[in-house]
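Residue numbers (my numbering): 1269 to 1416.
Glycine included, C-beta positions come from ideal geometry on N, C-alpha and C.
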Amino acid sequence: MYAPMRPHHIAPRLTTGAFILHSGLQHLHADERTGQGLHSMTAGAYPVVGRMSPHRFTRLLACAEVGLGAALLSPMVPTALAGAGLTTFASGLVGLYLRTPGLHQKGSPLPTEEGIPLAKDFWLLGIGLGFLCDRQAWTRPCLAVCRK
């Protein structure tokens, strides 16, 4: 069994988990206008999303956010697994940011005024990668004890 959560993982897991869970809960109760906005922005970056209805996309996004947020907040979910989920989710958000014109300066990943709210996705990606790169997130406590 992998170590679920180390003390130095608590703060980033709590902050990212709470943020993502809150976003998911808001999207579960999103009105039609919000759903259409999320759908059209995402479909512009990822054309495959254009094939589904705005309502369905918003529900799927909300469920993914609630699930990921809950996994990050749960001390029983290993940090490596939570980090893999966060890295995957944040990679999609960073891709959305980089593929949407007007959110970043031309030829640069630096945000424009409109892109600042979405630039935080780089932080989420960095936190997820940090979880994946942390050797302690992958160690098995029983093996560490047996080696002594």
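Query	Result
Proximity of T1355 and L1400 at Cβ, strictly below 8 angstroms	yes
Short Cβ contact (8 angstroms threshold) for E1382 with G1398	no
Chain-order list of residues whose beta-carbon lies under 8 angstroms from that of H1290 (same chain, five-residue window excluded)	G1337
When D1402, H1372, E1300 are compared against H1323, the one with the closest alpha-carbon	E1300
Beta-carbon proximity of A1286 to L1341, cut-off 8 angstroms	yes
Nearest to M1309 (by Cα), restricted to the options I1384, L1361, D1402, S1376	L1361
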